[in-house]
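Working notes, beginning with the structure itself.
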Amino acid sequence: MSGLGNILDAMKGDAQADRVVPRRGHSVRLTLFTSAAMAFLAVFALALSMASGRLADRWSEALARSSTIRISAPAAQMEEQVWAVLEVLQQTPGVASARALNEEEQRALLEPWFGPDLPLEDLPVPRLVEVIETADGYDPDGLRLRLAAEAPGAVLDDHTRWRRPLVQAAERLRALGWLSLALILGSVAAMITLAAQSALAANVRVIRVLRLVGARDHYIARAFVRRFTLRALSGAAVGTGLGMVAIALLPSAQQEGGFLTGLGFSGAHWLVPLAVPPLAAITAFWATRTAAFKTLRSLP
Amino acid sequence: MIELKEAAYGYGGGPLLSDMTLRLAPGSFHFLTGPSGAGKTTFLKLCYADLRATGGSVTIFGQESAEMSRDEIARTRQRMGVVHQDCEFLDHLSLKENIALPLTVTGRGGQAQEANLSDLMGWVGLSARAGALPPELSGGERQRAALARAVITDPDVILADEPTGNIDWEMSLRLLQLLVELNRMGKTVLVATHDLALIRAAKAQVSARVLRIAGGRLQLAGAEL
Numbered sequence: 002m003s004g005l006g007n008i009l010d011a012m013k014g015d016a017q018a019d020r021v022v023p024r025r026g027h028s029v030r031l032t033l034f035t036s037a038a039m040a041f042l043a044v045f046a047l048a049l050s051m052a053s054g055r056l057a058d059r060w061s062e063a064l065a066r067s068s069t070i071r072i073s074a075p076a077a078q079m080e081e082q083v084w085a086v087l088e089v090l091q092q093t094p095g096v097a098s099a100r101a102l103n104e105e106e107q108r109a110l111l112e113p114w115f116g117p118d119l120p121l122e123d124l125p126v127p128r129l130v131e132v133i134e135t136a137d138g139y140d141p142d143g144l145r146l147r148l149a150a151e152a153p154g155a156v157l158d159d160h161t162r163w164r165r166p167l168v169q170a171a172e173r174l175r176a177l178g179w180l181s182l183a184l185i186l187g188s189v190a191a192m193i194t195l196a197a198q199s200a201l202a203a204n205v206r207v208i209r210v211l212r213l214v215g216a217r218d219h220y221i222a223r224a225f226v227r228r229f230t231l232r233a234l235s236g237a238a239v240g241t242g243l244g245m246v247a248i249a250l251l252p253s254a255q256q257e258g259g260f261l262t263g264l265g266f267s268g269a270h271w272l273v274p275l276a277v278p279p280l281a282a283i284t285a286f287w288a289t290r291t292a293a294f295k296t297l298r299s300l301p
Numbered sequence: 002m003i004e005l006k007e008a009a010y011g012y013g014g015g016p017l018l019s020d021m022t023l024r025l026a027p028g029s030f031h032f033l034t035g036p037s038g039a040g041k042t043t044f045l046k047l048c049y050a051d052l053r054a055t056g057g058s059v060t061i062f063g064q065e066s067a068e069m070s071r072d073e074i075a076r077t078r079q080r081m082g083v084v085h086q087d088c089e090f091l092d093h094l095s096l097k098e099n100i101a102l103p104l105t106v107t108g109r110g111g112q113a114q115e116a117n118l119s120d121l122m123g124w125v126g127l128s129a130r131a132g133a134l135p136p137e138l139s140g141g142e143r144q145r146a147a148l149a150r151a152v153i154t155d156p157d158v159i160l161a162d163e164p165t166g167n168i169d170w171e172m173s174l175r176l177l178q179l180l181v182e183l184n185r186m187g188k189t190v191l192v193a194t195h196d197l198a199l200i201r202a203a204k205a206q207v208s209a210r211v212l213r214i215a216g217g218r219l220q221l222a223g224a225e226l
């Protein structure tokens, strides 16, 4: 029988069978609380992972399709070199468009560092040419060689050295999010194993009576497994609900807030946290089942 | 049904029981007697595979108990009724639910068995106590409930360990009467008891073989009976 079949088989309701194991003990509260808390954290781990993923994609996309040519030359040669660069770019396959930034745009770029009244004309500020690539992109090494020949003061910056660490950082953050999720599930499994072992140890007498009247270990284990799985499912459902509400209440994405205000789910990604309760239930099922059979084997 | 051949059992030091040979034939009635600590309970546990013989062999319904898996032991128990002296019940279940437990754990509970259950509770005189919890029962009620639980599945063999240990003489005779009735219905009965008066009372009603454990060995009981 498949793993899912085992779970569905164990979840079949049997009011009489449910009653053979007494409903008491701290394991009930422990399982519910652990599942709820871990599900809450899992929702945040998911949100972090997905926001990081979106950020990595956005940075990758935005920076990959554009590059900049910086032209440093004496004032007298500046315009000549700018035209030379634009001409080279016009002839370069893979360049969709190219334009030189005007003074206003350059002033706006420098404003955060030098203030609004920057006398740009008095400073030896290089001119910038923005290059937008086609989907296929251009050959940066070939372009560099042509620029060196036609406009010696031009330096191509294809953003690779900026893009790579940023994208790497975002991707690592995404991986950390998934790792956190795995650790959370591992913790759920460990806590539920302990709670199940504690419940089994507290019910040794019940197990002895059940065996005496002909109960198979499969039947006894199922009574515990069903109970712990349902507790984990309901606790995780509560935790997931609270986590989603908390994420929804975070400030929405804003340019000024950067990454922090973008933490959350967008669109169909809101459906992903709904997988947390079933995942917690599956984890609880296997953890309890393993603990139950191990304990039953150890009992005389 | 149950056959022991030179079976032995021991733990730690020397053997507690040795050279046990006995065959419980279908429909037979056996008493097992001996002083406290002689090994009567251990002998019974060997008979329902709660313990495995450390020597010789114990065959239960044609299967060697030493080779039985957990599931096979469970299936064997479903064909047996065991009554303990301490009558362990599930304290959170009502008396009726406890008596029906062997049916519940084998998926045979439900409406179809309701009539049988009511008849059985009437037979042991506990109809009025159906909803009571085990801690609320007297010693005699617990013993009768344990007997009812043991026979609810219509087992082939009934093994009773000191079933009258905690009850008065009148109740002991009533319980004995129930065991005799079961034997007349064709059930194989083995009763471990140190109560010789009970055995004498039984011999007036049923043809019973009386065995005695002494010095770790099984022998036919002598003239004291």
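In order, the protein sequences belong to chains U and F. Under my numbering, residues 2 to 301 are what the first sequence spells out, in order. Under my numbering, residues 2 to 226 are what the second sequence spells out, in order. Note that beta-carbon positions come from the ideal geometry of N, C-alpha and C, so glycine has one too. Please read all numbers here as calculations on a predicted model, not as lab measurements.
Span separating the alpha-carbon of Ala285 (chain U) from that of Glu7 (chain F): 48 Å
Test: Arg143 (chain F) CB closer than 8 Å to a CB of chain U: no
Beta-carbon proximity list for Pro274 (chain U), same chain, < 6 Å, skipping 5 on both sides: Val44, Leu47, Thr241, Met245
Under 8 Å between C-beta atoms of Leu297 (chain U) and Val83 (chain F): no
Contact with chain U by Leu47 (chain F), beta-carbon distance below 8 Å: no
Within chain F, partners of Asp218 (chain U) - CB distance below 7 Å: Arg71
Gly35 (chain F) and Leu17 (chain F) closer than 8 Å at C-beta: no
Between the CA atoms of Ala276 (chain U) and Leu157 (chain U) - distance to the nearest angstrom: 47 Å
Unbroken stretches of the alpha helix (DSSP H), 4 residues or longer, contained in the region 34-91 of chain U: 76-91
Chain-ordered neighbours of Val83 (chain F) on chain U, where CB pairs are closer than 9 Å: Leu213, Val214
Thr107 (chain F): contacting residues in chain U (beta-carbon distance under 9 Å): Val214, Gly215, Ala216, Arg217, Tyr220
is_contact[Ala133 (chain F), chain U] using C-beta, thresh 8 Å: no
Rounded distance between the beta-carbons of Ser95 (chain F) and Ala133 (chain F), thought under 8 Å: 7 Å
Ser61 (chain U) beta carbon less than 8 Å from that of Arg175 (chain U): no
Interface flag, Leu91 (chain F) vs chain U, CB-CB below 8 Å: yes
Beta-carbon gap between Val29 (chain U) and Leu211 (chain U) smaller than 8 Å: no
Per DSSP, cross-strand counterpart(s) of Gly82 (chain F): F:Ile159
Beta-carbon separation (whole angstroms), Ala101 (chain U) vs Gly154 (chain U), contact threshold 8 Å: Not confirmed; about 13 Å, so no contact.
With 16 other Cβ atoms within 10 Å as the buried cut-off, status of Asn103 (chain U): exposed
Gln79 (chain F): contacting residues in chain U (beta-carbon distance under 7 Å): Gly215
Check whether Thr189 (chain F) and Ser29 (chain F) have beta carbons under 8 Å apart: yes
Whole runs of the beta strand (DSSP E) within the region 59-139 of chain F, excluding any shorter than 3 residues: 81-84
Amino acids of chain F, ordered along the chain, whose beta-carbon sits closer than 7 Å to that of Pro252 (chain U): The contacting residues do not exist; Pro252 (chain U) stays about 51 Å from chain F at best.
Environment of Met21 (chain F) [buried if 16+ CB atoms lie within 10 Å]: buried
Ala293 (chain U) versus U:Val239, U:Ala196, U:Ser267, U:Phe266, residue with shortest Cα-Cα distance: U:Ala196
Close-in-space but distant-in-sequence residues of the same chain around Gly54 (chain U) (CB under 7 Å, 5 per side omitted): Arg175
Identity of the residue in U:Leu87, U:Val89, U:Ala76, U:Leu148 nearest Asp123 (chain U) by Cα: U:Ala76
Within-8 Å CB hit, Leu160 (chain F) to chain U: no
Cβ of Arg206 (chain U) within 8 Å of any chain F Cβ: yes
Amino acids of chain F, ordered along the chain, whose beta-carbon sits closer than 9 Å to that of Arg20 (chain U): Leu91, His93, Leu94, Glu98, Thr105
Opposing strand residues paired with Glu134 (chain U) [DSSP bridges]: U:Val96
Contact with chain U by Ala215 (chain F), beta-carbon distance below 8 Å: no
Stretch pair the region 173-183 of chain F + the region 96-103 of chain F: three plus CB contacts closer than 8 Å: no
Straight-line Cα distance separating Ile248 (chain U) from Gly258 (chain U): Model confidence at Gly258 (chain U) stands at a pLDDT of 48, short of 50, so the residue's coordinates are unreliable and nothing is read from them.
Assigned secondary structure, Pro117 (chain U) (DSSP; H/G/I helix, E/B strand, else coil): coil
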